[in-house]
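**Q**
Okay, structure coming up:
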């Protein structure tokens with residue numbers, strides 16, 4: 002318990018120090034990293050707890066972003082209201098998607114989320130009257146309160162950091178709660194959970210909706226960070242990017258996805274500075290790290306951490322040894 | 011474990027390096043060039059890059075004199091990555107002026123960013139008209155075109171010179187073709203045309219049999235799109251034997267020189283319109299084309315994105331020279347006054363909104379020295395982004411969309 006507190010304090014300190022010590026670009030990068038960490042967390046909640054690999058988590062971010070752009074720019078609704086409506090609408094979409102996918106498993110779940118995600122992407126691309134099509138909707142800005150411009154990189158950082166931290170802590174609690182353990186149990190042995198009288202479908206459904214809402218939060222920041230909402234964040238490329246980050250960092254742990262996102266973003270901007278073949282370099286790094294650390298970087302670090310100390314409570318997931 | 015450790019170390023040092031505030035406070039002036047040099051659209055970004063490289067070589071004395079450095083950035087054709095690279099330029103690399111982006115969506119994202127930042131920006135090939143119209147900002151000018159611009163001339167040409175009354179237009183369903191259709195309709199209908207029937211298909215369609223089998227009658231078909239969709243349409247159009255019934259006209263990028271070898275001889279005589287033609291024969295253009303092919307290989311034909319990058323770079327250097335430095339206000343003022351009498355594509359100057367007023371060429375596919383190229387057969391000079399229309403009236407009107415302007419030329423809109 003003590004070590005966990007230390008870890009949280011260290012993360013807090015780093016989050017506070019970053020905008021004070023670093024240049025504008027590094028802060029902007031951190032903003033993106035935190036936004037995608039939320040999306041990757043949303044992915045990992047399903048992948049790590051339920052074994053559900055979703056390709057539509059970025060779609061929820063996109064739905065949330067489009068809601069803000071459409072209501073805020075087209076209809077001129079005020080800032081806090083559009084955010085609430087966006088989260089509400091994203092949650093509703095997650096309810097609909099959840100009803101469609103809750104009974105599916107593994108590949109069929111993957112394909113369903115792929116289809117749903119691509120449908121929304123196509124809609125954003127072709128429903129020009131509403132979404133602005135390929136050109137998107139420009140001019141999505143946060144307001145200025147009494148001289149405090151929320152669009153300023155560092156002010157925006159504070160908003161994103163506080164929210165991201167709060168969401169991660171909430172999910173941390175969730176993972177340790179009976180509900181979180183039930184999800185793990187379902188992944189382990191669905192029949193047994195059912196036999197024990199747990200509402201398996203309901204639990205899955207709730208997890209799916211929760212994950213969708215978390216992605217919706219990411220979408221809120223994503224659209225304000227960009228200032229423009231276009232179909233590109235809903236594309237398959239972004240969904241796969243989030244999946245890659247989560248797998249690289251380790252989707253079974255809480256902080257693995259955030260780690261994966263940070264590494265990927267740092268790699269991308271670093272390597273792209275030196276060569277046009279940056280995708281090759283990143284691909285190679287991914288290949289090696291997945292070969293050497295199939296359960297993700299976070300898992301490797303946690304194993305190491307644990308060997309030196311008492312095992313943590315149920316923060317880490319099962320140790321089923323060599324599962325595929 | 012060893013690997014994990016080194017990976018951790020690596021990532022930590024990567025983060026530190028990536029974030030290192032490298033703001034250099036010296037008298038070097040930096041130009042950042044952004045375009046998609048990887049990904050699906052890398053062709054366009056590579057063309058821009060090659061054009062800029064040629065301009066760099068030709069202007070090297072002037073670059074040395076002003077201590078100008080150039081840095082290339084990869085947008086991956088993605089709006090978000092574009093904004094990220096632009097931020098890196100401004101706050102990490104101390105860039106003073108940006109050239110690019112190249113694609114439509116990235117152009118609008120770049121514009122949105124530039125509005126907040128105030129960075130002088132010369133957009134090269136990116137064509138959404140609102141960049142220099144409804145969303146225009148002081149610090150952004152364009153060296154290229156709007157989607158409607160060449161079609162203003164083409165609409166007139168098709169109605170007046172070819173005498174077609176009814177056009178069937180098949181196009182890719184997104185904003186660039188809408189804008190091309192809009193420009194075409196606005197002049198076609200006023201020059202004696204009767205109707206344009208639009209049929210939109212999703213991008214990435216490879217089978218056009220259902221469209222071709224039910225194609226309405228008209229005097230000609232205009233394919234409003236490009237790339238692999240355009241190629242597939244072209245081939246199936248000929249397989250169906252429709253070319254014997256109705257001639258096939260093209261949107262601005264349809265008869266792109268890269269696709270011509272695959273279209274083959276059937277493409278001969280194909281008409282389209284653009285502010286550029288690889289078959290131009292004036293001295294400036296021939297010098298540009300020869301130098302380009304000498305630098306980048308004989309098989310690499312410079313296309314519009316290359317010329318636009320080349321010209322955008324020259325505009326930037328001129329602006330820095332006449333502003334006597336990189337002070338933003340002065341550079342922006344100089345950019346807005348840009349006049350390019352010797353541009354390879356022909357002389358142009360910027361209008362009050364920051365978009366070139368330039369020649370539009372009606373191009374015909376011809377065989378020159380065993381190669382299929384677009385040869386200009388007619389020139390409309392001084393065409394602006396508003397075509398023959400009054401800018402204020404144009405801006406007050408509705409933006410082009412899927413079904414605007416009306417396809418029926420007797421509509422009161424055209425009175």
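Protein chains in written order, with this note's numbering: chain A, 2 to 325; chain B, 11 to 425.
No residue lacks a Cβ here, since even glycine has one placed at the ideal position from N, Cα and C.
Counting only beta-carbon atoms, is residue 150(A) nearer than 8 Å to chain B?
**A** Taking 8 Å as the CB threshold, residue 150(A) stays off the interface with chain B.
**Q** Nearest to residue 177(B) by CA position, among 379(B), 261(B), 385(B), is which residue?
**A** Each of 379(B), 261(B), 385(B) was checked against the Cα of residue 177(B), and the nearest Cα belongs to 261(B).
**Q** So, helix, strand or coil for residue 408(B), using DSSP?
**A** coil
**Q** Report yes or no: is there a C-beta of chain A within less than 8 Å of the C-beta of residue 412(B)?
**A** yes
**Q** Does residue 446(B) come within less than 8 Å of chain A when only Cβ atoms are used?
**A** Residue coverage of chain B in this structure runs from 11 to 425, which leaves residue 446(B) outside it and unanswerable.
**Q** DSSP state of residue 259(B), grouped into three classes?
**A** strand
**Q** Within 10 angstroms of the Cβ of residue 410(B), are there 16 or more other Cβ atoms? Answer buried if so, exposed if not.
**A** It counts as buried.
**Q** State the Cα-Cα distance for the pair residue 149(A) and residue 143(A), rounded to the nearest angstrom.
**A** 11 Å
**Q** Would you report the Cα separation of residue 305(A) and residue 299(A), rounded to the nearest angstrom?
**A** 10 Å
**Q** Pick from 88(B), 412(B), 53(B): whose alpha carbon is nearest that of residue 239(A)?
**A** With respect to the C-alpha of residue 239(A), the residue from 88(B), 412(B), 53(B) having the closest C-alpha is 88(B).
**Q** Which residues does DSSP pair with residue 372(B) in a beta bridge?
**A** 283(B), 388(B), per the DSSP bridge assignment.
**Q** Where does residue 182(B) land, buried or exposed, given buried means 16+ other C-beta within 10 angstroms?
**A** buried
**Q** For residue 288(B), which of 405(B), 83(B), 384(B) has the nearest alpha-carbon?
**A** 384(B)
**Q** Using only the alpha-carbon positions, how far apart do residue 235(B) and residue 232(A) sit?
**A** 19 Å
**Q** From residue 155(B) to residue 137(B), what does the alpha carbon distance come to, in whole angstroms?
**A** For residue 155(B) and residue 137(B), the distance between alpha carbons rounds to 6 Å.
**Q** Can you give me, in chain order, the residues of the stretch 225-242 of chain A that have a beta carbon less than 7 Å from any beta carbon in chain B?
**A** 227, 228, 229, 231, 233, 234
**Q** Buried or exposed, going by whether 16 or more other CB atoms sit within 10 Å of the CB of residue 351(A)?
**A** There is no way to answer for residue 351(A), as the model of chain A reaches only from 2 to 325.
**Q** Could you tell me which chain A residues have their CB closer than 7 Å to the CB of residue 93(B), listed as they occur along the chain?
**A** 227
**Q** With 8 Å set as the bound, which would you pick, yes or no: does the beta-carbon of residue 415(B) sit closer than that to a beta-carbon of chain A?
**A** no
**Q** Where DSSP assigns a beta bridge to residue 234(B), which residues make up the other side?
**A** 181(B)
**Q** Between the stretch 113-137 of chain A and chain B, which residues of the former have a C-beta closer than 9 Å to a C-beta of the latter?
**A** 123, 126, 127, 129, 130, 133, 134, 135, 136, 137
**Q** Whole angstroms are fine: how far does the CA of residue 138(A) sit from the CA of residue 78(A)?
**A** Residue 78(A) and residue 138(A) have their C-alpha atoms spaced approximately 15 Å apart.
**Q** Go to residue 45(B), then tell me how far its beta strand (DSSP E) extends in each direction, as first and last residue.
**A** 39-45
**Q** Please check if any C-beta of chain A sits within less than 8 Å of the C-beta of residue 219(B).
**A** no
**Q** For residue 160(B), does the three-state DSSP call read helix, strand or coil?
**A** Collapsing the DSSP output to three states places residue 160(B) in a helix.
**Q** Do residue 87(A) and residue 219(A) have their beta-carbon atoms positioned less than 8 Å apart in this structure?
**A** no
**Q** My output table needs one value for residue 31(B): the three-state DSSP class, helix, strand or coil.
**A** For residue 31(B), the predicted structure reports a pLDDT of 41, less than 50, and the residue's modelled location is therefore unreliable. A value from the coordinates is still provided. Of the three classes helix, strand and coil, the one that applies to residue 31(B) here is coil, per DSSP.
**Q** When you compare only the Cα positions, how much space is there between residue 209(A) and residue 47(A)?
**A** 7 Å
**Q** Taking the alpha carbon of residue 285(B) as the reference point, which residue from 317(B), 294(B), 307(B) has its own alpha carbon closest?
**A** Ranking 317(B), 294(B), 307(B) by Cα distance to residue 285(B) puts 317(B) first.
**Q** Please check if any C-beta of chain B sits within less than 8 Å of the C-beta of residue 18(A).
**A** no
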